[in-house]
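J.: With numbering that gives the first Met the number 0, the residue at position 303 of the sequence shown is 302, and numbering never jumps.
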Amino acid sequence: MHLVVEPYRGDFGPLPELGGAVVDVATGATNGRYCFDPRWARWWPDGSGFGFVCSTSNWEMVVGQARLQGEQVEVEQAYLLRGVQARPGGMSWFIYPRDWAPDGRRLLVSAHSPPVPPDAATPAPADGETEGELYVFDARSGAVQLVFSAPGHVRGEWSPRGDRIAVARLWGFDARLRALGAEVVIIRPDGSEPVVVRGPEGEDVYYDLACHDPLWVSCWSPDGSMLIVKGARTALTLGAMYVVRADGTGLRQISEDGMAFAGWSPDGRAVLVTAPTGDVYDREILLLPLDGGAPRRVGRGLMPAWSPDGRSVAYDSGPCIERSVARFDVGTGRSTALSGPLGALIQLAWSPRGDVIAVSVIARPETSAVYLVQADGSGVRKLPVATSRLLWSPRGTHLLVAPYVGDHCVYD
């Protein structure tokens with residue numbers, strides 16, 4: 000194994016500018032800043048705490064479990080994970096958090112070997128690139144298990160039931176760092192029963208890029224019975240979208256080339272996709288029934304999201320630096336504006352109860368913030384939190400937030 004685990008006894012905060020916080024949605028109160036990032040966090044099913052990752056380099060990270068105690072966050076246990084040195088005096092293996100299991104306890108961690116210099120005494124892998132590994136780390140016990148290894152880079156995503164892992168693998172990079180090979184392998188949590196998803200003749204398949212961000216969408220259907228994959232041709236030119244059963248059978252094309260996956264409906268009977276419009280900051284949002292029905296136009300935007308009951312789709316609308324929030328009624332096919340222009344949206348997330356939509360906005364310094372938009376259009380409330388990445392608690396009472404750095408738009 001190329002991953003070392005040891006107990007962590009250092010500090011987690013406060014970090015006034017960079018750290019994460021838990022926000023009480025009702026009052027807007029926060030508990031201070033800590034080294035938590037909602038991209039790599041998962042609430043426990045009962046909402047009493049969460050698994051977290053604190054990472055400041057590509058070689059090590061702190062992973063642990065934290066519990067809410069009133070208005071405070073108490074770290075119950077934490078471990079330092081480090082990539083081992085590839086050779087004496089050389090670089091360490093790179094390690095990355097990938098996805099938490101639904102229990103908020105087990106974390107997928109990927110590792111890959113550093114590039115091998117041309118004059119290195121140790122020979123490079125057969126494909127001339129790198130070796131990849133995927134681990135399951137138990138953040139309560141500190142146990143770690145290697146579940147997948149192969150040449151190239153690997154990623155992974157847990158199924159909604161936590162009984163399978165979809166592994167995405169890239170290998171054979173050319174001089175422009177384009178992958179020349181791709182595949183998706185479905186495994187059990189202990190690495191057993193591997194099933195390679197076979198694409199159409201002459202075409203590899205790969206995980207849709209949207210599914211690599213845990214705060215965006217999952218490629219797994221809500222019941223874990225199906226998976227979305229993309230066709231991948233030479234140099235990872237993405238092709239059509241396919242749905243495949245969890246056992247690797249029944250591959251079926253559901254979209255044309257050039258479309259991006261944007262989320263399963265809660266009942267697993269339809270998906271949202273986006274198609275290019277010629278404007279890099281705007282895409283056509285379509286609802287695709289999986290029974291073969293005609294696609295339905297939702298609107299134009301970048302980040303559509305299903306409501307928890309599947310009856311509505313919220314999406315951003317308008318010029319990139321003046322986005323507003325709209326709601327599409329799946330039953331009637333009509334869209335309703337829920338807010339005025341807020342700014343450049345970086346995330347849009349329904350509360351588990353479906354009554355509020357949290358949006359994180361970049362705008363002027365005084366308006367860059369997190370807003371709570373009422374799903375019925377009755378109002379918008381600004382939280383005393385800077386532009387952040389967002390993760391709702393299971394009961395919709397708290398948001399785990401961390402400052403966002405970056406921008407989606409070009410300002411004049």
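For every residue, glycine included, the Cβ atom is placed at its ideal position computed from N, Cα and C.
Any chance the stretch 180–198 sits against the stretch 256–267, with 3 or more Cβ pairs inside 8 Å?
T.: no
J.: Taking the alpha-carbon positions, what's the Trp-39 to Asp-246 distance?
T.: For the purposes of this step, residue 39 is taken as the residue at position 40 of the sequence shown. For the purposes of this step, residue 246 is taken as the residue at position 247 of the sequence shown. Those two C-alpha atoms are separated by around 27 Å.
J.: At which residue ranges does the stretch 277–332 contain complete beta strand (DSSP E) runs of 3 or more residues, listed in the order of the chain?
T.: 282–288, 295–300, 311–316, 323–328
J.: Give the C-beta separation of Ser-254 and Leu-287 to the nearest angstrom, bearing in mind that I take them to be a contact with Cβ-Cβ under 8 Å.
T.: Within the sequence shown, the letter at position 255 stands for residue 254. Within the sequence shown, the letter at position 288 stands for residue 287. Their Cβ separation, rounded to whole angstroms, is 7 Å, which keeps Ser-254 and Leu-287 in contact under 8 Å.
J.: Tell me which same chain residues have a C-beta within less than 7 Å of the C-beta of Trp-349, skipping the five on either side of it?
T.: Counting from 1 along the sequence shown, the entry for residue 349 is found at position 350. Result list for Trp-349: Ala-304, Ser-306, Pro-307, Ala-313, Ile-356, in chain order.
J.: Within 10 angstroms of the Cβ of Arg-160, are there 16 or more other Cβ atoms? Answer buried if so, exposed if not.
T.: Here residue 160 refers to the residue found at position 161 of the sequence shown. If you draw a 10 Å sphere on the C-beta of Arg-160, you find fewer than 16 other C-beta atoms in it, and that means exposed.
J.: In whole angstroms, what separates the C-alpha of Leu-371 from that of Lys-381?
T.: One-based indexing of the sequence shown puts residue 371 at position 372. One-based indexing of the sequence shown puts residue 381 at position 382. Whole-angstrom Cα-Cα distance: 6 Å.
J.: Out of Tyr-78, Ala-100, Tyr-134, which has the shortest C-alpha to C-alpha gap to Phe-93?
T.: Counted from its first residue, the sequence shown places residue 93 at position 94. Per the Cα distances, Tyr-134.
J.: Which same chain residues, not among the five before or five after Gly-46, have their C-beta less than 6 Å away from its C-beta?
T.: Translated into the one-based positions of the sequence shown, residue 46 becomes position 47. Closer than 6 Å at the Cβ level, and outside the excluded window around Gly-46, lie Ser-392, Pro-393, Arg-394.
J.: What three-state label does DSSP hand Trp-391 in the structure shown?
T.: Taking the sequence shown and counting its residues from 1, one reaches residue 391 at position 392. Looking at Trp-391 - three-state DSSP - the assignment turns out to be strand.
J.: Where does Cys-34 sit, in a helix, a strand or coil, going by DSSP?
T.: What you label residue 34 is simply residue 35 of the sequence shown in a count that begins at 1. Cys-34 falls in the coil class under three-state DSSP.
J.: How many Å lie between Gly-378 and Ala-362 at the Cα?
T.: As a working mapping, residue 378 is identified with position 379 in the sequence shown. As a working mapping, residue 362 is identified with position 363 in the sequence shown. For Gly-378 and Ala-362, the distance between alpha carbons rounds to 19 Å.
J.: My assumption, with CB atoms under 8 Å, is that Arg-326 sits in contact with Gly-342. Please give the rounded CB distance.
T.: One-based indexing of the sequence shown puts residue 326 at position 327. One-based indexing of the sequence shown puts residue 342 at position 343. About 19 Å; that fails the 8 Å criterion.
J.: Quick one: grab the DSSP three-state call for Ala-209.
T.: Against the sequence shown, residue 209 aligns to sequence position 210. In this structure, Ala-209 counts as helix in the three-state DSSP scheme.
J.: Pick helix, strand or coil for Pro-124, following the three-state DSSP scheme.
T.: Counting from one through the sequence shown, the residue named residue 124 turns up at place 125. At Pro-124 the pLDDT is 46, less than 50, meaning the model places this residue with poor confidence and gives no usable figure here.
J.: So for Trp-58, helix, strand or coil by DSSP?
T.: As a working note, residue 58 is residue 59 in the sequence shown. In the structure shown, Trp-58 falls within a coil segment according to DSSP collapsed to helix, strand and coil.
J.: Shortest alpha-carbon distance to His-111 belongs to which of Arg-66, His-1, Asp-137?
T.: Indexing the sequence shown from 1 puts residue 111 at position 112. Among Arg-66, His-1, Asp-137, the Cα nearest to that of His-111 is on His-1.
J.: Taking C-beta to C-beta, are Gly-155 and Arg-97 nearer than 7 Å?
T.: In the sequence shown, counting from the first residue as 1, residue 155 sits at position 156. In the sequence shown, counting from the first residue as 1, residue 97 sits at position 98. Closer than 7 Å, so yes.
J.: How many angstroms separate the CA atom of Glu-5 from the CA atom of Gly-141?
T.: The residue given as residue 5 occupies position 6 in the sequence shown. The residue given as residue 141 occupies position 142 in the sequence shown. Cα to Cα, Glu-5 sits roughly 8 Å from Gly-141.
J.: Check whether the Cβ atoms of Val-270 and Leu-285 lie closer than 7 Å to each other.
T.: As a position in the sequence shown, residue 270 is number 271, starting the count at 1. As a position in the sequence shown, residue 285 is number 286, starting the count at 1. No. Outside cutoff.
J.: Taking the beta carbon of Asp-418 as the centre, do at least 16 other beta carbons fall within 10 Å, making it buried, or is it exposed?
T.: For residue 418 there is no data in the structure shown, the boundaries of the chain being 0 and 411.
J.: Among Gly-63, Val-360, Ala-100, which residue has its Cα nearest to the Cα of Gly-223?
T.: To locate residue 223, count along the sequence shown from 1; it is residue 224. Shortest Cα-Cα distance from Gly-223 to any of Gly-63, Val-360, Ala-100 involves Ala-100.
J.: Find the nearest neighbour of Gly-317 within the set Asp-281, Thr-331, Gly-309, Arg-333, judged by alpha-carbon distance.
T.: Within the sequence shown, numbered from 1, the residue matching residue 317 stands at position 318. Closest by alpha carbon: Asp-281.
J.: First and last residue of the beta strand (DSSP E) that includes Met-225?
T.: Position 226 of the sequence shown, counted from the start, is the residue given in the question as residue 225. Per DSSP, Met-225 belongs to the beta strand (DSSP E) from 225–231.
J.: From Ala-138 to Arg-105, what does the alpha carbon distance come to, in whole angstroms?
T.: To locate residue 138, count along the sequence shown from 1; it is residue 139. To locate residue 105, count along the sequence shown from 1; it is residue 106. Between Ala-138 and Arg-105, the C-alpha separation is close to 6 Å.
J.: Measuring alpha carbon to alpha carbon, tell me which residue in Arg-296, Gly-300, Pro-44 is nearest Val-420.
T.: Summary: the structure shown does not reach residue 420, with the chain confined to residues 0 through 411, and so no result is reported for it.
J.: Quick check on Trp-170: does DSSP put it in helix, strand or coil?
T.: Numbered from its first residue, the sequence shown carries residue 170 at position 171. Three-state DSSP puts Trp-170 in a strand.
J.: Less than 7 Å between the C-beta atoms of Thr-396 and Val-24, yes or no?
T.: Your numbering for residue 396 matches position 397 in the sequence shown. Your numbering for residue 24 matches position 25 in the sequence shown. Yes, Cβ-Cβ distance for Thr-396 and Val-24 is below 7 Å.
J.: Look at Pro-221 and Trp-263 and say whether their C-beta atoms are less than 7 Å apart.
T.: Locating residue 221 in the sequence shown gives position 222, where the first residue counts as 1. Locating residue 263 in the sequence shown gives position 264, where the first residue counts as 1. It is a contact, given that the beta carbons lie within the stated cut-off.
J.: From what residue to what residue does the beta strand (DSSP E) around Gln-76 run?
T.: For the purposes of this step, residue 76 is identified with residue 77 of the sequence shown, where counting begins at 1. Where Gln-76 is concerned, the enclosing beta strand (DSSP E) stretches over 71–82.
J.: Sorted by chain position, which residues of the same chain lie with C-beta nearer than 6 Å to Glu-75's C-beta, five sequence neighbours on each side aside?
T.: Locating residue 75 in the sequence shown gives position 76, where the first residue counts as 1. Contacts found: Gln-64, Arg-66.
J.: Give me the Cβ distance between Arg-168 and Gly-151, rounded to the nearest whole Å; I'm assuming they're in contact under 8 Å.
T.: The residue given as residue 168 occupies position 169 in the sequence shown. The residue given as residue 151 occupies position 152 in the sequence shown. At roughly 5 Å, the Cβ-Cβ gap stays under 8 Å, so Arg-168 and Gly-151 are in contact.
J.: Of the residues Pro-364, Ala-336, Leu-398, Ile-345, which one's Cα is nearest the Cα of Pro-351?
T.: As a first step, residue 351 must be located in the sequence shown, where it is residue number 352. Looking only at Pro-364, Ala-336, Leu-398, Ile-345, the smallest Cα-Cα distance to Pro-351 is reached by Leu-398.
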